[in-house]
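Notes follow the structure.
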Amino acid sequence: MSTDARPVTTASLGDVVDALAGHRLTVLTGAGVSTDSGIPDYRGPDSPPRTPMTFQQFVGDDAFRRHYWARNHVGWRHVHRTLPNTGHKALVALEQRGVVLGIITQNVDLLHEAAGSRRVIDLHGRYDRVICLQCGTVISRRELADRLEALNPGFVEEVGAVGDVEIAPDADAVIEATSHFRVADCAVCGGMLKPDIVYFGETVPRERVDRAYALVDEGDALLVAGSSLTVQSGLRFVRHAAQAGKPVVVVNRGATRGDRYATVTLNAGTSETLDELAQVLPSPHTGA
Ligand SMILES: [Zn+2]
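Residue numbering for the sequence shown follows this note's numbering, starting at 333 and increasing by one per position.
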């Protein structure tokens, strides 16, 4: 049969091992990898529908931006306290054994770095940095926290009494509580500050995309873990690997937009699957 279609199977772990054994892997991770660390996956099959914030909303609407920063001022502390899970640790072990070359992650939580992964491309940015949209100055989120704290003394304690601003961000009580929040501007030029995170409507910086393509090219196979590949920014790497004839394995709860490019798809959680792979995948032979 002459066709470009690749065999898509609903597989077992054994099929995943067969597809990946002996290869040096590039790994693409998404929100599903962090759910066992307590970070909600808003795209997961069991998640409530939620409209993601767009870049245009952030830059174009003062009230929206104030509400965003007020919530972020409270919520970023929770991300900061989050710990890597079994899946993150398994990827560290696989990197140490030479099975995993590096990770491209769509997550901004830095849990791969926290676990000890050495080579990580934070495709969509990182939560611990803030960038000025006017002059490009980057500061740490902690530095901004000090400035926001000075501008809004007692705010965190006050809004804490209202309820969970992350879980019910659009509740009237939360909107009311955040309406007097004072936003900080760039200390260098007075420009607008934004978390150094790629939002909907924004593009990933070209240099970062190129590094990610290079990492895919360097690997013999691509393993996608915990991403539904809804956005083009991740899907393009799957397409790229498939077009190069490399095995592509997708491990995710639920279907993904990348399934048609996959050699094997495994409908499973990433923590247990990556942990098992760390135990059974052999180190690739080198210099052969
Ligand atoms: Zn600036």
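Even glycine gets a Cβ: it sits at the ideal position worked out from N, Cα and C. All figures in this text were calculated on a predicted structure; none of them were measured in a lab.
Quick one, are the C-beta atoms of residue i and residue j less than 8 Å apart?
i, j, result
"L423", "A544", "no"
"G362", "S565", "no"
"I463", "K526", "yes"
"Y459", "W401", "no"
"S369", "T437", "no"
"G577", "L357", "no"
"I529", "D441", "no"
"P416", "A447", "yes"
"M524", "L465", "yes"
"L483", "A516", "yes"
"R479", "R461", "no"
"V355", "A553", "One detail in the question is off: residue 355 reads as His in this sequence, not Val. Against a cut-off of 8 Å, the Cβ pair of A553 and H355 comes out as a contact."
"I453", "R514", "no"
"F532", "M385", "yes"
Quick check: does the Cβ of residue i come within less than 7 Å of any heavy atom belonging to ligand 1?
i, result
"V520", "yes"
"T469", "yes"
"G280", "No information on residue 280 is available, as it lies outside the stretch 333 to 620 that the chain covers here."
"G362", "no"
"Q438", "no"
"G523", "yes"
"Q611", "no"
"Q428", "no"
"Q575", "no"
"Q466", "yes"
Per DSSP, which one or two residues make a beta bridge with residue i?
i, result
"F532", "T386"
"T595", "Looking at the DSSP assignment, T595 forms no beta bridge with any residue, so it has no partner."
"A302", "Any property of residue 302 remains undetermined from this structure, which presents the chain solely from 333 to 620."
"R461", "S472"
"D347", "Per DSSP, none; premise fails for D347."
"V541", "Beta-bridge pairing links V541 to no other residue."
"I453", "I436"
"P372", "In the DSSP output, where bridge partners are listed per residue, P372 has none listed."
"P527", "V462"
Could you say which of the options lies nearest to residue i if we only look at CA atoms?
i, options, result
"L555", "L433, V580 and L606", "V580"
"V365", "D478, G346, N584 and A353", "N584"
"L345", "G601, A516, G430 and P616", "G601"
"G558", "D517, R568, E604 and A546", "E604"
"L547", "E481, V530, S615 and F569", "F569"
"A610", "A519, D478 and T418", "T418"
"E490", "N404, A509, E481 and A482", "A509"
"F396", "S511, L606 and A477", "S511"
"V411", "K421, N439 and Q389", "N439"
"E608", "G522, K421, V536 and D394", "K421"
"S449", "E475, V359, D393 and F390", "V359"
Tell me which residues share the same chain as residue i and place their Cβ nearer than 7 Å to its Cβ, disregarding the 5 neighbours each side in the sequence.
i, result
"S334", "Here the model assigns S334 a pLDDT of 36, short of 50, so the residue's position is not dependable, and the following value carries that caveat. Same-chain partners within the cutoff: there are none."
"V340", "At V340, the pLDDT of 47 sits below 50, so the modelled position is not reliable and the matter cannot be decided from this model."
"G619", "In this prediction, G619 scores a pLDDT of 48, lower than 50, which makes its location untrustworthy; the coordinate-derived value is nonetheless stated afterwards. Excluding sequence neighbours, G619 sits near nothing in its chain."
"D336", "Its pLDDT being 41, under 50, D336 is placed unreliably in this model, and the value from its coordinates should be taken loosely. Result list for D336: empty, nothing under 7 Å."
"A343", "V596, T597 and L598"
Ordered along the chain, which non-local residues of its own chain (more than five positions away) have a Cβ less than 6 Å from that of residue i?
i, result
"I534", "Note on identity: in this sequence residue 534 is Glu, with Ile being the wrong assignment. F387, listed in sequence order."
"V612", "V349"
"R451", "G434"
"L426", "V432 and A610"
"H572", "V548"
"T367", "D373"
"Q389", "F396"
Less than 8 Å between C-beta atoms, sequence neighbours within five positions excluded: which residues of the same chain meet that for residue i?
i, result
"S615", "R429, G430 and V431"
"N404", "P527"
"L567", "L561, R589 and G590"
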